[in-house]
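In the working numbering, the protein residues as written are 38 to 423.
From the three backbone atoms N, C-alpha and C, an ideal C-beta is built for every residue, glycine too.
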Ligand SMILES: *Cc1c(COP(=O)(O)O)cnc(C)c1O
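And the structure:
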């Protein structure tokens, strides 16, 4: 089969934008600030592991940038989400409402708590949890028993709601928060992809009890591997710190632990890298915004639809995405782009289609999620500074 003009033009455009003749990666990290300086300093200090000044400094920098009162650094974003769910009160045997369209980490973290996900639909424009679907599920499928919201089908307690801000585009979090309040359900945001995304003046991840960030190598900024819990609640932050540091009771020399904790603390070495990267974040964000504007302009009068910033929010434009006509066109684009050295990836498979989650409840056919899982691909999105 020969290439269609659609894919040929797109390949030409992407090569022009990135000025690259070899492989154009989907997303590369960039290190053009104080990374080596802080890392060298960290190594010279010998405090490379679980003690050291960079962890606290990095937590303070992220708290200041996001406007969170408290930030607790972790080994990765999945661990941050796991702890956020635990401090929200998610327990074994509970159920947690989330979206079927997400990276596997969301459902893994729910499973680590011994809880089971329930899948409700996403909105078509932002690919995040649909407040309409959430309200209908809660009104039609649950009953209140005392303080608890019980799933009529399973008889299980629903102990939290976990939306995700897909590719950095904020979902309708104000509406979701309002519904959670009406039903007295704790809200935990998977904000792993949305560092730098705001709704009004508030950073994503700060609408409910807590939010989880990720600093994996492919995210907007990286610590190698890393994550963070952000929250405005002091006692939750203290509890998160305790659980991520083996639940150790402070003492000059004794080992005392008062519950089963986790070794989830971010090493000082990773935090040193994070301090340098967070200094570059404003630069990364403006480069991302410029790149997205070019994609948006390019797709304006074409058949493929660019997934753009919602009008109610400010996106970090972490990963650019387009929606195609159907599954066969999606396959065609993926083949042609990747064969030409332009890295392009399909959106995730739906969580309830995976063997570990195929027993989980799916509400009302998740039509939007099914449709988008067959249409959306990501395009090269690296920042172009440095
Ligand atoms: C990246 C990511 C996470 C966390 O991933 P880690 O690799 O553990 O840092 C969680 N949820 C979503 C949606 C993500 O994209």
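7 Å Cβ cutoff met for residue i and residue j
i           : j           : result
residue 206 : residue 163 : yes
residue 66  : residue 245 : no
residue 96  : residue 105 : no
residue 168 : residue 212 : yes
residue 313 : residue 71  : yes
residue 180 : residue 155 : no
residue 61  : residue 55  : yes
residue 251 : residue 229 : yes
residue 266 : residue 117 : yes
residue 247 : residue 268 : yes
residue 8   : residue 249 : This structure cannot settle anything about residue 8, because the visible part of the chain is limited to 38 through 423.
Check: residue i C-beta below 6 Å from any heavy atom of ligand 1
i           : result
residue 226 : no
residue 135 : no
residue 197 : no
residue 115 : yes
residue 143 : yes
residue 191 : no
residue 352 : no
residue 415 : no
residue 108 : no
residue 188 : no
residue 201 : yes
residue 204 : no
Exposure of residue i, with buried meaning 16 or more beta-carbon neighbours within 10 Å
i           : result
residue 279 : buried
residue 136 : buried
residue 305 : buried
residue 174 : buried
residue 130 : exposed
residue 335 : buried
residue 344 : buried
residue 415 : buried
residue 354 : buried
residue 170 : buried
residue 225 : buried
residue 166 : buried
residue 194 : buried
Min CB distance residue i to chain B below 7 Å
i           : result
residue 402 : Going by chain labels, chain B is absent from the structure shown, which holds only one protein chain.
Whole-Å CB distance - residue i paired with residue j, under 8 Å assumed
i           : j           : result
residue 413 : residue 360 : 5 Å
residue 405 : residue 158 : 5 Å
residue 321 : residue 420 : 5 Å
residue 123 : residue 150 : 6 Å
residue 44  : residue 370 : 6 Å
residue 113 : residue 233 : That belief does not hold up - the Cβ atoms of residue 113 and residue 233 are roughly 19 Å apart, past 8 Å.
Three-state class that DSSP yields for residue i in the structure shown
i           : result
residue 179 : strand
residue 258 : coil
residue 42  : helix
residue 403 : helix
residue 138 : coil
residue 227 : strand
residue 119 : helix
residue 82  : helix
residue 152 : coil
residue 71  : coil
residue 387 : coil
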